[in-house]
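**Q**
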Amino acid sequence: MMKLQLTLDGENAALETGRFPDGAVWARLLPPLRQQAETLTLRATAMRNMNDLMLLAQVMDAVRQRYTLRLTTLELPWLPYARQDRSMRDGDSFALKVFAGFLNQLRFDRVTVLDPHSDVVAGVVNNLSVVPQHQCLQHSDNLSQKLGDGLMLMAPDAGALKKTDLLARHIGASEYGILGKHRDLASGALSGFELLKGNVAGRDVLIVDDLCDAGGTFIGSAAVLRQAGARSVSLYVTHGLFSKGVDHLLTQGIDFIWTTDSIADPSVASQRVEIIDTETIFRSKSKGAAHAI
5 MMKLQLTLDG
15 ENAALETGRF
25 PDGAVWARLL
35 PPLRQQAETL
45 TLRATAMRNM
55 NDLMLLAQVM
65 DAVRQRYTLR
75 LTTLELPWLP
85 YARQDRSMRD
95 GDSFALKVFA
105 GFLNQLRFDR
115 VTVLDPHSDV
125 VAGVVNNLSV
135 VPQHQCLQHS
145 DNLSQKLGDG
155 LMLMAPDAGA
165 LKKTDLLARH
175 IGASEYGILG
185 KHRDLASGAL
195 SGFELLKGNV
205 AGRDVLIVDD
215 LCDAGGTFIG
225 SAAVLRQAGA
235 RSVSLYVTHG
245 LFSKGVDHLL
255 TQGIDFIWTT
265 DSIADPSVAS
275 QRVEIIDTET
285 IFRSKSKGAA
295 HAI
């Protein structure tokens with residue numbers, strides 16, 4: 005369920021949202037209402053669908069009816085439709101561009117997103133500011149310590165290679181590994197997992213990617229890494245959908261998981277799952293400029 009946090013001139017403002025019997029959603033500002041406001045920050049955590057976008061739009065309409073705003077910022081930890089960043093097959097829609105078109109109509113002066121799926125986002129979302137992957141995961145002291153102790157980075161496929169390379173540079177890692185796989189575009193079936201680069205024998209390995217949905221990529225990757233002699237296989241994803249649950253991963257080769265609460269339910273945290281608070285990430289980001297794509 006999406007969570008909205010509204011700040012006006014640096015102070016929290018209360019919201020109420022709901023749904024009419026016909027299914028239409030509604031939102032309004034709650035009293036006491038400020039006499040004036042010039043700056044707005046609206047954070048929409050775990051946005052999933054167009055009803056969530058409609059709630060966001062109604063909040064902005066309510067605020068703009070009352071106040072003359074000078075600066076508006078949307079903090080969007082998870083960007084919906086980011087995976088559909090092109091037409092994959094003949095007849096497909098470019099869903100990210102469609103969603104971005106609606107979002108752009110809300111006229112935010114800045115839209116800050118955590119670790120979007122690809123650089124395509126910058127071409128369709130207006131006034132985009134990005135908090136990159138390395139700035140997200142550094143807010144886990146536990147993970148930062150393990151990386152400093154030599155935890156080996158592993159790109160799960162060619163699509164994650166650019167991000168893994170950037171991450172390795174930022175943390176000063178001297179090496180990282182690369183895995184390969186084949187995905188059938190029609191069925192989504194995965195096959196052909198292989199270790200393309202890196203000696204993992206006796207090593208603790210961290211697979212790094214932006215997103216985990218069902219987790220098939222990481223389960224297949226873990227199997228290959230263990231066959232190659234990896235001592236342990238852990239996973240960091242900025243966005244944990246975990247549509248089949250975290251136990252689906254933890255019982256099939258993944259030792260530990262780190263993710264943020266951009267979309268993951270914080271209740272999945274356990275001794276083997278650490279949830280990094282996006283509030284901490286955004287608070288740190290506000291002290292300096294986010295990296296722009």
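Residue numbering for the sequence shown follows my numbering, beginning at 5 and increasing consecutively. Note that CB positions come from ideal geometry on N, CA and C, so glycine has one too.
(1) How long is the line joining the alpha carbons of Ala-159 and Gly-176, rounded to whole angstroms?
(2) Quick one: residues in its chain with C-beta nearer than 6 angstroms to the C-beta of His-200, no 5 flanking neighbours on either side, listed in chain order?
(3) Which runs of the beta strand (DSSP E) fall wholly inside the segment 198-284 and span at least 3 residues, in chain order?
(4) Under 8 angstroms by Cβ, that's how I've got Leu-80 and Val-115 pegged, so tell me the actual separation to the nearest angstrom.
(5) If I measure Cβ to Cβ from Thr-264 and keep anything under 8 angstroms in the same chain, skipping five residues before and after, which residues do I get?
(6) Is it right to say His-121 is buried, meaning 16 or more other beta carbons lie within 10 angstroms of its own, or is it exposed?
(7) Just to confirm before moving on: does the CB-CB distance between Leu-210 and Ser-238 stay below 7 angstroms?
(8) Indicate the three-state DSSP secondary structure (helix, strand or coil) for Ala-17 in the structure shown.
(9) Grab me the residues of Ala-293's own chain with a C-beta within less than 6 angstroms of its C-beta, minus the 5 sequence neighbours each way, in chain order.
(10) With distances taken between CB atoms, is the gap from Ala-17 to Leu-10 smaller than 7 angstroms?
(11) For the segment 18-31 and the segment 56-67, state whether three or more C-beta atom pairs, one from each stretch, are separated by less than 8 angstroms.
(12) Whole angstroms is fine: what's the gap from Asn-55's alpha carbon to Phe-106's?
(13) So is Gln-69 buried or exposed if we call it buried at 16+ other beta carbons inside 10 Å?
(14) Please go through the same chain and pick out, in chain order, the residues whose beta-carbon is closer than 6 angstroms to the beta-carbon of Thr-49, but skip the five residues on each side of it.
(15) Is the closest heavy atom of the ligand ADP to the C-beta of Arg-235 under 6 angstroms?
(16) Look at Asp-213 and Ala-164 and say whether their C-beta atoms are less than 7 angstroms apart.
(17) Helix, strand or coil for Gly-163? Go by DSSP, reduced to three states.
(18) Quick check on Gly-176: does DSSP put it in helix, strand or coil?
(19) Helix or strand or just coil, what does DSSP make of Val-124?
(20) Would you mind reading off the limits of the alpha helix (DSSP H) that contains Leu-61?
(21) Thinking C-alpha only, which one of Asp-145, Pro-136, Asp-153 is nearest His-174?
**A** To lay it out plainly:
(1) Along the sequence shown, read from residue 1 onward, the residue named residue 159 stands at position 155. Along the sequence shown, read from residue 1 onward, the residue named residue 176 stands at position 172. When rounded, the distance between both Cα atoms is 16 angstroms.
(2) As a first step, residue 200 is located in the sequence shown; it is residue number 196 there, counting from the start. Correcting the residue identity first, residue 200 is Leu in this sequence and not His. Closer than 6 angstroms at the Cβ level, and outside the excluded window around Leu-200, lie Ile-182, Gly-184.
(3) 208-216, 236-244, 261-264, 277-280
(4) Here residue 80 refers to the residue found at position 76 when the sequence shown is read from its first residue. Here residue 115 refers to the residue found at position 111 when the sequence shown is read from its first residue. Contact flag correct, Cβ pair sits at about 6 angstroms.
(5) If you number the sequence shown from 1, residue 264 lands on position 260. If we look at Thr-264 and ignore the five residues flanking it on each side, its Cβ neighbours are Pro-81, Leu-118, Cys-140, Thr-242, His-243, Gly-244, Ile-279, Ile-280, Asp-281, Thr-282, Ile-285.
(6) Locating residue 121 in the sequence shown gives position 117, where the first residue counts as 1. By the 10 Å Cβ count, His-121 comes out buried.
(7) Mapped onto the sequence shown, residue 210 falls at position 206. Mapped onto the sequence shown, residue 238 falls at position 234. Against a cut-off of 7 angstroms, the Cβ pair of Ser-238 and Leu-210 comes out as a contact.
(8) Indexing the sequence shown from 1 puts residue 17 at position 13. Strand.
(9) As a first step, residue 293 is located in the sequence shown; it is residue number 289 there, counting from the start. Only weak support is given to the placement of Ala-293: the predicted model assigns it a pLDDT of 46, under 50, and the value that follows is read from those uncertain coordinates. Excluding residues within five positions, none has a Cβ falling inside 6 angstroms.
(10) Taking the first residue of the sequence shown as 1, we reach residue 17 at position 13. Taking the first residue of the sequence shown as 1, we reach residue 10 at position 6. In terms of Cβ geometry, Ala-17 and Leu-10 form a close pair [threshold 7 angstroms].
(11) yes
(12) As a first step, residue 55 must be located in the sequence shown, where it is residue number 51. As a first step, residue 106 must be located in the sequence shown, where it is residue number 102. So the alpha carbons of these two residues sit roughly 12 angstroms apart.
(13) Position 65 of the sequence shown, counting from 1, holds the residue named residue 69. Answer is exposed; the Cβ neighbour count stays below 16.
(14) On the sequence shown, residue 49 is found 45 positions in, with the first residue counted as 1. Answer for Thr-49: Lys-7, Pro-81, listed in chain order.
(15) The ligand ADP is not part of the structure shown, which contains no ligands of any sort.
(16) As a first step, residue 213 is located in the sequence shown; it is residue number 209 there, counting from the start. As a first step, residue 164 is located in the sequence shown; it is residue number 160 there, counting from the start. Contact: yes.
(17) Position 159 of the sequence shown holds residue 163. Three-state result, Gly-163: helix.
(18) Walking along the sequence shown from the start, residue 176 turns up at place 172. Looking at Gly-176 - three-state DSSP - the assignment turns out to be coil, as it is neither helix nor strand.
(19) As a position in the sequence shown, residue 124 is number 120, starting the count at 1. DSSP, read as helix, strand or coil, puts Val-124 in coil.
(20) Locating residue 61 in the sequence shown gives position 57, where the first residue counts as 1. It should be pointed out that residue 61 corresponds to Ala in this sequence rather than to Leu. 54-70 is the span of the alpha helix (DSSP H), which, as asked, contains Ala-61.
(21) Counted from its first residue, the sequence shown places residue 174 at position 170. When each option's Cα is compared against that of His-174, the closest is Pro-136.
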